[in-house]
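Each remark here refers to the structure printed beneath this line.
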Amino acid sequence: MGGSVIAAIALSALDIAVLIVYLAFIAGMGVYFARRRRVSGDYFLAGQKIPWWAAGLSLLGTSLSAITFMAIPAKAFQTDWVYLLGNLMIVAVAPAVIWCYLPFYRRLKVTSAYEYLELRFGLATRLVGSATFLLFQLGRMGIVVYLPALALSAVSGWNIYACIVAIGLLATFYTTLGGIEAVIWTDVVQVVVLLGGVAVSFVVILMKVPGGAAEIYSTGLAAGKLHAMNLTWDVATASLWVVVLGNFFKFLIPYSSDQAVIQRYLTTSNERDAARGIWLNALASAPVWAAFFALGTCLWAFYQAFPERLNATGHPDQIFAWFIVNELPHGLAGLLVAALFAASMSSLDSSINSMSTALTTDFYGRLRKDSSDADRLRIARIATVVFGIVGTLTAIWLAWLGTKSIWDQFLKIMGLFGGGLAGMFVAGIFTRRAHQKGVLIGFAVSAAILYWASATGAVHFFLYGGIGILTCSIVGWLASLALTHPSKSLDGLTIHSLK
Numbered sequence: 000m001g002g003s004v005i006a007a008i009a010l011s012a013l014d015i016a017v018l019i020v021y022l023a024f025i026a027g028m029g030v031y032f033a034r035r036r037r038v039s040g041d042y043f044l045a046g047q048k049i050p051w052w053a054a055g056l057s058l059l060g061t062s063l064s065a066i067t068f069m070a071i072p073a074k075a076f077q078t079d080w081v082y083l084l085g086n087l088m089i090v091a092v093a094p095a096v097i098w099c100y101l102p103f104y105r106r107l108k109v110t111s112a113y114e115y116l117e118l119r120f121g122l123a124t125r126l127v128g129s130a131t132f133l134l135f136q137l138g139r140m141g142i143v144v145y146l147p148a149l150a151l152s153a154v155s156g157w158n159i160y161a162c163i164v165a166i167g168l169l170a171t172f173y174t175t176l177g178g179i180e181a182v183i184w185t186d187v188v189q190v191v192v193l194l195g196g197v198a199v200s201f202v203v204i205l206m207k208v209p210g211g212a213a214e215i216y217s218t219g220l221a222a223g224k225l226h227a228m229n230l231t232w233d234v235a236t237a238s239l240w241v242v243v244l245g246n247f248f249k250f251l252i253p254y255s256s257d258q259a260v261i262q263r264y265l266t267t268s269n270e271r272d273a274a275r276g277i278w279l280n281a282l283a284s285a286p287v288w289a290a291f292f293a294l295g296t297c298l299w300a301f302y303q304a305f306p307e308r309l310n311a312t313g314h315p316d317q318i319f320a321w322f323i324v325n326e327l328p329h330g331l332a333g334l335l336v337a338a339l340f341a342a343s344m345s346s347l348d349s350s351i352n353s354m355s356t357a358l359t360t361d362f363y364g365r366l367r368k369d370s371s372d373a374d375r376l377r378i379a380r381i382a383t384v385v386f387g388i389v390g391t392l393t394a395i396w397l398a399w400l401g402t403k404s405i406w407d408q409f410l411k412i413m414g415l416f417g418g419g420l421a422g423m424f425v426a427g428i429f430t431r432r433a434h435q436k437g438v439l440i441g442f443a444v445s446a447a448i449l450y451w452a453s454a455t456g457a458v459h460f461f462l463y464g465g466i467g468i469l470t471c472s473i474v475g476w477l478a479s480l481a482l483t484h485p486s487k488s489l490d491g492l493t494i495h496s497l498k
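Just so we're aligned, residue 0 is where the sequence shown starts under numbering that gives the first Met the number 0, counting upward by one.
So, in structure tokens, the structure goes:
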């Protein structure tokens, strides 16, 4: 069921050479950084020596997954720009994260974000939070590997399962060897390759479409492809307020409670540099998101001009791959295939490294306090391999099962799994009275409400994240007021006592 429906066209020798050089370079980076990983602190935090700009580009690379590279152009190709304004909310989330969240992670000197939950509430909350993160990443890994593998199978003629294994094994290889430092620096390279591939695609389209940019704009405007907002109050549709408000919370979830993101904050030498990295990511993300929507519209205009070149039997999420296969000259197609690899690996490496960090720090290291640093480093590497294999197998399962819409499925997963987790951090940071019993009740109620919302379709899935955050934090706070709990010092653990 998971095979490509697009007719494969063999890559040229030049394309294959470009791809091999790129993959060899990425693997070599993992080998290089492996020589420098002697203690667990280096493996998890790179000795806190990462430049702010590299941390920022790594954050950008983590967010610019295959979801962005393939599904966003496909969404704009099929519909319009309604989702774009929501994606710009990353700029509004950045100052909130820098002022209200970053100080806790840096000043408490944590390795895992969920260490804060234990300091603020207790061990049970930490374990629940970390386990929730691990579950979310398990789902995410499969999606970010499956989508580019689906497209890559169309480009190369390779079996989709072989493509999945190739992506999964390479990302697992360099992440296991080099830890977070290898992840960050390969992310930097992969961001450059990915954006370079997009730029090349724009140039080719503008050169081939009669009338160029002006024609693309006029035809897109006339067809409603540039429509960017729905002015309605319907909570079940992608109205303007649903998209904007929902995406504010969608971005707040990973930037406040996702180990894969927060780990980047901890790799710089100081809090100021971490803040600069967050700003770089936010300010770069806005035009990059816009570029991917514009690419989708350009692809639509191209196939309006040349309808005979469009394969009507192809999967919608493969439209960009179809363009790569048929329209790019030899050599450039290899660059775009490398960009497909980059889009997948830049997210997969973040997931497996952060999952390894969470498992080693929150479970193994916390429950076996007598373990040595060498033991923790060994467990971290084993966990990296295991999670890499699990992510690869999840992608294989998705390929066999098939999906209706990769982009929509990804957003639903983020809302269902992430809202309650972020809500625990909100309750901990912004309230004095919330305690462990109350917050865990809030988390359970949040999960139940999100399940109901998902099952009934009563609200648009963009709102799942906000519902999860608000339900968990408010119900958790109210339950804490109603239930007694031993008092503890909150010095330096809430916004009211931050040092």
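Ideal placement from N, C-alpha and C gives every residue a C-beta, glycine not left out.
- Every unbroken stretch of the alpha helix (DSSP H) spanning 4 or more residues and falling wholly within the stretch 106-178 is given here in chain order: 114-119 and 122-155.
- Put simply, of Tyr160, Pro50 and Ser486 the residue whose alpha carbon is nearest the alpha carbon of Leu397 is Tyr160.
- Residues Ile428 and Ile494 of the same chain have their beta carbon placed closer than 7 Å to that of Cys99, with the five preceding and five following residues left out of the count.
- Ala213 counts as exposed, since fewer than 16 other C-beta atoms from the protein chains shown sit within 10 angstroms of its C-beta.
- Annotation for Glu214: the continuous alpha helix (DSSP H) segment containing it runs Gly211 to Ala221.
- Close CB contacts of Ser472 within its chain, under the 7 Å cut and outside five residues either way in sequence, are with Gly422, Val425, Ala426 and Gly441 (chain order).
- Ala447 is not a Cβ neighbour of Ala320, given a cutoff of 7 Å.
- The criterion of a C-beta distance shorter than 7 Å is satisfied by Met354 and Gln136.
- Here the alpha carbons of Ser453 and Phe460 stand approximately 7 Å from one another.
- CA-to-CA, the gap between Gly418 and Pro209 works out to about 47 Å.
- A direct Cα-to-Cα measurement between Val164 and Thr391 gives close to 6 Å.
- Between Leu480 and Arg431, the gap from beta carbon to beta carbon reaches 7 Å or more.
- Residue range Ile71 to Gln77 is occupied by the alpha helix (DSSP H) that includes Pro72.
- Taking 7 Å as the cut-off, the beta carbon of Val182 is found closer than this to the beta carbon of Asp348.
- Straight through space, the alpha carbons of Tyr145 and Val243 are spaced by roughly 28 Å.
- Assigned with DSSP and collapsed to three states, Ser200 falls in helix.
- Straight across, the Cα-Cα distance linking Ile97 with Ile25 is about 31 Å.
- Distances from the CA of Ser284 to each of Ser57, Val389 and Ala23 were compared; the closest alpha carbon is that of Ser57.
- With fewer than 16 other Cβ atoms inside 10 Å of its own Cβ, Val202 counts as exposed.
- For Pro72, the closest C-alpha among the options Val199, Leu133 and Ala293 is that of Ala293.
- Residues Ile89, Val90 and Ala93 of the same chain have their beta carbon placed closer than 6 Å to that of Ala281, with the five preceding and five following residues left out of the count.
- Annotation: the continuous alpha helix (DSSP H) that includes Asn280 extends over Glu270 to Ala304.
- Of all C-beta pairs linking the stretch 250-260 to the stretch 28-42, fewer than three are shorter than 8 Å, placing the two stretches out of contact.
- Between Tyr264 and Glu114, the alpha-carbon positions lie close to 15 Å from each other.
- Only buried fits Glu117, as 16 or more other CB atoms lie within 10 angstroms of its CB.
- C-alpha of Ile179 to C-alpha of Trp232: approximately 44 Å in a straight line.
- Taking the Cα positions, Gly437 is about 7 Å away from Leu482.
- Of all alpha-carbon atoms in Arg119, Ala304 and Asn310, the one lying nearest the alpha-carbon of Leu439 is that of Arg119.
- Considering only Gly85, Ser268 and Tyr450, the residue with the shortest C-alpha distance to Leu239 is Gly85.
- Look at Lys498 here: in three-state DSSP terms it is coil, with no helix or strand label.
- In the DSSP annotation of this structure, the continuous segment of the alpha helix (DSSP H) that includes Glu326 starts and ends at Ile318 to Glu326.
- Its chain contains Thr218 as the residues whose beta carbon lies nearer than 7 Å to that of Gln303, once the 5 sequence neighbours on both sides are disregarded; these appear in chain order.
- Thr493 sits in coil when the DSSP states are folded into three classes, being neither helix nor strand.
- Judged by DSSP secondary structure, Asn352 falls within the alpha helix (DSSP H) whose first and last residues are Leu331 to Ala357.
- With a cutoff of 7 Å on beta-carbon distance, Met28 and Thr185 are scored as near each other.
- In terms of Cα proximity to Ala341, the closest of Leu13, Ala12 and Ile19 is Ile19.
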